[in-house]
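Those sequence lines, one after another, are chains S and H.
Under this note's numbering, the first residue of the first sequence is numbered 1, with each subsequent residue one higher.
Under this note's numbering, the first residue of the second sequence is numbered 405, with each subsequent residue one higher.
Ideal placement from N, C-alpha and C gives every residue a C-beta, glycine not left out.
Bear in mind the structure is a predicted one, so any value in this text is a computation, not a measurement.
First comes the structure, then the notes that go with it.
Protein chains: 2
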Amino acid sequence: MSKLKNAVIGQSGGPTTVINASLAGAVSRFFEIGEGATIYGAVNGIKGILREEFLDLNSIFSNEDNIDLLMQTPSSYLGSCRYKLKTDSDEELKQIINTFVKKDVGYFFYIGGNDSMDTVMRLSSMCEENGIKAIGIPKTIDNDLPGTDHCPGFGSCAKYIATSISEMALDAGCYDIKNVLIVEIMGRNAGWLTASSALARNEKNSAPDLIYLPEKPFDEERFLYDIRQKLLTRDTVIIAVSEGIKYANGKCVAEDSQSSAVDMFGHGQLGGVGKKLELLVKKRLGIKVRSVELNIPQRCAAHNASMTDITEAFNCGAAAVDAAFDGENGKMIVMKRTDKKRYDVIYTTSDINSIANNEKIVPDEFISSNGNDITEEFIKYAAPLIQGERKIKFDNGIPAYIKR
Amino acid sequence: MSKLKNAVIGQSGGPTTVINASLAGAVSRFFEIGEGATIYGAVNGIKGILREEFLDLNSIFSNEDNIDLLMQTPSSYLGSCRYKLKTDSDEELKQIINTFVKKDVGYFFYIGGNDSMDTVMRLSSMCEENGIKAIGIPKTIDNDLPGTDHCPGFGSCAKYIATSISEMALDAGCYDIKNVLIVEIMGRNAGWLTASSALARNEKNSAPDLIYLPEKPFDEERFLYDIRQKLLTRDTVIIAVSEGIKYANGKCVAEDSQSSAVDMFGHGQLGGVGKKLELLVKKRLGIKVRSVELNIPQRCAAHNASMTDITEAFNCGAAAVDAAFDGENGKMIVMKRTDKKRYDVIYTTSDINSIANNEKIVPDEFISSNGNDITEEFIKYAAPLIQGERKIKFDNGIPAYIKR
Numbered sequence: 001m002s003k004l005k006n007a008v009i010g011q012s013g014g015p016t017t018v019i020n021a022s023l024a025g026a027v028s029r030f031f032e033i034g035e036g037a038t039i040y041g042a043v044n045g046i047k048g049i050l051r052e053e054f055l056d057l058n059s060i061f062s063n064e065d066n067i068d069l070l071m072q073t074p075s076s077y078l079g080s081c082r083y084k085l086k087t088d089s090d091e092e093l094k095q096i097i098n099t100f101v102k103k104d105v106g107y108f109f110y111i112g113g114n115d116s117m118d119t120v121m122r123l124s125s126m127c128e129e130n131g132i133k134a135i136g137i138p139k140t141i142d143n144d145l146p147g148t149d150h151c152p153g154f155g156s157c158a159k160y161i162a163t164s165i166s167e168m169a170l171d172a173g174c175y176d177i178k179n180v181l182i183v184e185i186m187g188r189n190a191g192w193l194t195a196s197s198a199l200a201r202n203e204k205n206s207a208p209d210l211i212y213l214p215e216k217p218f219d220e221e222r223f224l225y226d227i228r229q230k231l232l233t234r235d236t237v238i239i240a241v242s243e244g245i246k247y248a249n250g251k252c253v254a255e256d257s258q259s260s261a262v263d264m265f266g267h268g269q270l271g272g273v274g275k276k277l278e279l280l281v282k283k284r285l286g287i288k289v290r291s292v293e294l295n296i297p298q299r300c301a302a303h304n305a306s307m308t309d310i311t312e313a314f315n316c317g318a319a320a321v322d323a324a325f326d327g328e329n330g331k332m333i334v335m336k337r338t339d340k341k342r343y344d345v346i347y348t349t350s351d352i353n354s355i356a357n358n359e360k361i362v363p364d365e366f367i368s369s370n371g372n373d374i375t376e377e378f379i380k381y382a383a384p385l386i387q388g389e390r391k392i393k394f395d396n397g398i399p400a401y402i403k404r
Numbered sequence: 405m406s407k408l409k410n411a412v413i414g415q416s417g418g419p420t421t422v423i424n425a426s427l428a429g430a431v432s433r434f435f436e437i438g439e440g441a442t443i444y445g446a447v448n449g450i451k452g453i454l455r456e457e458f459l460d461l462n463s464i465f466s467n468e469d470n471i472d473l474l475m476q477t478p479s480s481y482l483g484s485c486r487y488k489l490k491t492d493s494d495e496e497l498k499q500i501i502n503t504f505v506k507k508d509v510g511y512f513f514y515i516g517g518n519d520s521m522d523t524v525m526r527l528s529s530m531c532e533e534n535g536i537k538a539i540g541i542p543k544t545i546d547n548d549l550p551g552t553d554h555c556p557g558f559g560s561c562a563k564y565i566a567t568s569i570s571e572m573a574l575d576a577g578c579y580d581i582k583n584v585l586i587v588e589i590m591g592r593n594a595g596w597l598t599a600s601s602a603l604a605r606n607e608k609n610s611a612p613d614l615i616y617l618p619e620k621p622f623d624e625e626r627f628l629y630d631i632r633q634k635l636l637t638r639d640t641v642i643i644a645v646s647e648g649i650k651y652a653n654g655k656c657v658a659e660d661s662q663s664s665a666v667d668m669f670g671h672g673q674l675g676g677v678g679k680k681l682e683l684l685v686k687k688r689l690g691i692k693v694r695s696v697e698l699n700i701p702q703r704c705a706a707h708n709a710s711m712t713d714i715t716e717a718f719n720c721g722a723a724a725v726d727a728a729f730d731g732e733n734g735k736m737i738v739m740k741r742t743d744k745k746r747y748d749v750i751y752t753t754s755d756i757n758s759i760a761n762n763e764k765i766v767p768d769e770f771i772s773s774n775g776n777d778i779t780e781e782f783i784k785y786a787a788p789l790i791q792g793e794r795k796i797k798f799d800n801g802i803p804a805y806i807k808r
C-alpha cells in the first residue's frame, strides 16, 4: 500500500466558537482515510506556512480526548492571521508551493471567511500545476459567505445573542419603570447576527422589540418615533442594533459618533453605535436608557454553542478532506438544505472564484417593510441553526478548553 | 388543626441569576410546613406591598414544573424595586403592617442586598409588636453583605466572569501580535467579582494577567509599568479591572473619564473605566488594545450559573421560612463554612442591625502586596462557589425561562 500524500491545514481570520470543530472534522477524516500520512497544522495560518512553522497534528490528536476538547474550544487552536498574500508578485505563492513539495504535501485545507478564500483561490492554480488539492472550509460568525445556505460559526453566535437578549430582557424588565436597552451586535455590512436576536422571542417575550440592520438606511427621527410607539404599550423596550448601521448618505452611525466624541487625549473612538444611540435617546426622550455592546463574548462563548453548528462545522471539515481525495481543487465546502419541511443539509463544493471577496447580505424578504424588524421568513431560516446543546466538559467550575 | 398565618415574600434591588432560586426555596418550604396557608408574592418588592399588589404563589407554583423553571430563571420573577422606606415618618411602616394584618400575614420574607436589609430592619420592630416575623434572605452579585461567608448570586456571576475571561483569552491570543485586552467588571466599592476573574486560570491559561480592585488605589503609571512587564514574556495581556477603581485621591477613574469626555451633544458619560484605560494604553504604549465591559450579561447569564450557588440560594430561602416558623424576627439568613478542608456550609441567622447598610470589601489577605493581583487564599475561598452546572432546560434553542 503506497503511502498517501501529507496534508496542511490552517485557520484564518476572526475566531468563532466552532472553527476548531472544523479542524477536528478534517483531522479526524484524514486519520480515517489518510493511510497514516501526516496532517500538519500551520501555526497562524498562511503566515505559519511562509515561516515553515507546523504542528504534527497526528501526534497531538491521536489522543481522542484532545479531539473531544477541540470540539468545544473556541477561537483558533492553530492560531490565526489576517495576512493577505502579496498581489504584486507571486514569490509568496512559489514559496508556499515549494514548502508543500518539500514536505510531500498533496492537500491544503484553509478554514476561513471571505479574505481567507482569496488565499485559497490564489494558491489553487499553482496547486493544480503541482498536483496539490486546495479546499476552503467556510467559517464566519457574520454568515456573509455566498454560495452556502449558511456558515459554520453563525449558529453558535446567533444562539448566544438570542440567549443573552432573553436574559437581558428579564433583567431590564425587573423594575416598574419605563426604560430602554440598546444592544449592539457585530456585523459591519451584513445584519445576520443582529437579525438573529429575534430568535429570543416566544409567547412570553417580545424582546427585541426593535431591530435595525445595516442593510437598511438608519434614520434617527424614525428610530425615536419607533421607540415612542413601543413605549405606549410596554415599560421596557429592547433594541437590537448592528454595529454597522448607516445613514441614508452611507455614513456609518458609529463613525459619526467616533469623530464627534473627544476624550481627554483629544482622541475619538470613545463609543460605538450603541453608546451613541443611548445618548440620543437620553437627550431626546429623557428616559432611563442603557446600552450593552455584546462585544468579544458573542464570538467565543463556546459554553453556549449550538450543537447543530458544532456538528455542521465538523462535517464541513470532513467534507473538505473527502473533496480533496476526490480530486477537487479551488473549491469551498458549502451547505445546501435538502428539504423544505424538515431541516437537513448536504455538504457539497462550490467554485471558490464565485465566493472569495464577495459578501452575502440579508435579503429584503427577511427584513420587515418598515425596516425596524425582521420577517417570519427569517425566523424559519435561522431557528434550525441554533438548536441543540453540547454537554460541555467543565474543569474546576469553568469549561475545559484545549490550548496548544 | 388550626390554619397557620399567611406569608408575604418580595424581591428587591439589582437582579441576580439566583434570586429566583431563593424564591423557589422559600415557596417550596412554605408549601411543606405552612399547612395550606397562602404565600403572597409582592409585585416589585415593598412598592407592591404599599400598592397591595400581590400574586397568589400557591396557585402559580403548585405546578412543580414552574418551580423547576423558576430555579433556572434569572432576574426577579416578582419584579424588583429600589425603594427605600421614608425616614421622616412611619406612615409607610404602619400601612405595610396594616396590610399584613388585613391579609392575616404572620411572616415576611425579603430577598435583597444592603438596602433591602434596611427595609427588613425598619419593619422588624413594628412586626414584633404585631407578632409578625420578618426575615431577610441575602442576595447580591457583589458579595458585599457582612455576616455571611458569601452571598447567593456571587458564585454564578463569578463563574460567568471566569468563563468569559477564559474564552476571551483564547480569542485575544489567536494572532501572533502583541495586544492588550481590558475587561471591565461590576463592583463599585467591593472587588469580589473582579477578583473572581482569577478563577479562569489553570496550567494552560495565565489570564487574567493583571487584576485591579477598588480596594487599592489605582496609579496609571504603575498600571502602564505592569503591562510593559507582562508584555516582556507574552504576546497577549488580559487585564481585569473593577468599574469602581479609584485614584489615591479617592476620585473614581471612571468618573474622571466621563467628565473629560464630551460627545456630540456636550454630554459626558461616553465611556467607563475600561474605555478610559484602553485609550490610555493606546496613547502611551502604542499597542493594539481593546476593552470589553461585561455589563448586564454578567448578572443575568443564568445559562451558565453555578449549581453550588443555585442550591445555596434555594436553601437560604428555605432556611428563612424555618427561622420565621422558629419565631425569629429581624434576622438575615447567613452561611457559615463548617470545615476547613472540604467545602460545606450551614445556614443560620444573624442580627439584621449588624448587616443593613454595611459593606464587606475584599480583605487585604486576598490581595497581592503590589495590588495588581489576588492571592492564593482568595482562590481557596472563591473556587468552591463556582462549582457545578445545572442541566438547563432549553426551548427552541434558548433557555426556557418563566415570566409572570
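Straight-line Cα distance separating residue j from residue i
i: N66(S); j: I60(S); result: 7 Å
i: S600(H); j: T712(H); result: 15 Å
i: D553(H); j: K745(H); result: 15 Å
i: Q791(H); j: D395(S); result: 9 Å
i: N502(H); j: D508(H); result: 10 Å
i: L636(H); j: Y629(H); result: 11 Å
i: F154(S); j: K451(H); result: 43 Å
i: R349(H); j: I796(H); result: Residue 349(H) lies beyond the residue range present for chain H, which begins at 405 and ends at 808; the question has no answer from this structure.
i: V422(H); j: N719(H); result: 11 Å
i: E32(S); j: S62(S); result: 11 Å
i: A652(H); j: K634(H); result: 24 Å
i: S610(H); j: N547(H); result: 25 Å
i: D326(S); j: S124(S); result: 15 Å
Proximal residues to residue i (C-beta, below 6 Å), its chain only, five neighbours per side dropped
i: D639(H); result: K582
i: Y107(S); result: A7, K133, A324
i: A430(H); result: I413, F513, G721, A724, V725
Cβ-based neighbour list, residue i, same chain, cut-off 8 Å, excluding 5 preceding and 5 following
i: Q702(H); result: I545, C561, Y564, I565, S568, I589, M590, L597
i: R228(S); result: L285
i: K490(H); result: E496
i: F366(S); result: A195, I374, T375, E377, F378, Y381
i: M475(H); result: N424, A425, A428, I714, F718, R794
Cβ-Cβ distance between residue i and residue j below 8 Å
i: G678(H); j: V749(H); result: no
i: A644(H); j: I691(H); result: no
i: S480(H); j: P542(H); result: no
i: N58(S); j: T38(S); result: yes
i: M525(H); j: A760(H); result: yes
i: G397(S); j: L684(H); result: no
i: L170(S); j: Y487(H); result: no
i: N606(H); j: G648(H); result: no
i: S80(S); j: C704(H); result: no
i: E52(S); j: K3(S); result: no
i: P788(H); j: A706(H); result: no
i: E697(H); j: E293(S); result: yes
Residues near residue i by beta carbon distance below 7 Å, same chain, minus five either side
i: A172(S); result: N179, L181, T236, I238
Contact residues within the segment 474-493 of chain H, judged by C-beta distance below 8 Å to chain S:
Taking 8 Å as the Cβ-Cβ cut-off against chain S, the residues of the segment 474-493 of chain H that qualify are T477, P478, S479, S480, G483, S484, C485, R486.
Relative to chain S, which residues along the segment 546-567 of chain H have a C-beta separation below 8 Å, given in chain order?
So the close ones are K563, A566, T567.
Under 8 Å (Cβ pairs) to chain S, residues found in the segment 569-584 of chain H:
Residues passing the 8 Å Cβ filter: S570, E571, M572, L574, D575, A576, G577, C578, Y579, D580.
Unbroken stretches of the alpha helix (DSSP H), 4 residues or longer, contained in the segment 690-749 of chain H
The qualifying runs are 701-704, 711-729.
Go through the segment 496-536 of chain H residue by residue and report every complete run of the alpha helix (DSSP H) that reaches 4 residues or more, in order.
Within the segment 496-536 of chain H, complete alpha helix (DSSP H) segments of at least 4 residues are found at 518-533, given in chain order.
In the segment 368-387 of chain S, which residues sit with their C-beta less than 9 Å from some C-beta in chain H, listed in chain order?
Listed in sequence order: A383, P384, L385, I386, Q387.
Counting only Cβ-Cβ distances shorter than 8 Å, please list the residues of the segment 202-222 of chain S near chain H, keeping chain order.
Of all residues in the segment 202-222 of chain S, N202, K204, N205 have a Cβ within less than 8 Å of some Cβ in chain H.
Residues from the segment 295-311 of chain S in contact with chain H, defined by Cβ distance under 8 Å:
Under the 8 Å Cβ criterion, the segment 295-311 of chain S contributes N295, I296, P297, R299, C300, A301, A302, H303, N304, S306.
Residues in the segment 445-477 of chain H having any Cβ partner in chain S nearer than 9 Å:
Listed by position along the chain: V447, N448, K451, G452, T477.
Could you tell me which whole beta strand (DSSP E) segments of length 3 or greater appear in the segment 432-503 of chain H?
The qualifying runs are 443-446, 458-460.
What are the residues of the segment 388-399 of chain S that lie near chain H, defined by any Cβ-Cβ distance shorter than 8 Å?
Those would be G388, E389, I392, F394, D395, N396, G397, I398, P399, in chain order.
Any C-beta of chain S within less than 7 Å: which residues of the segment 411-427 of chain H qualify?
Under the 7 Å Cβ criterion, the segment 411-427 of chain H contributes P419.
Scan the segment 333-357 of chain S for residues whose Cβ lies nearer than 8 Å to a Cβ of chain H and list them as they occur along the chain.
If the cut-off is 8 Å between Cβ atoms, the segment 333-357 of chain S has nothing near chain H.
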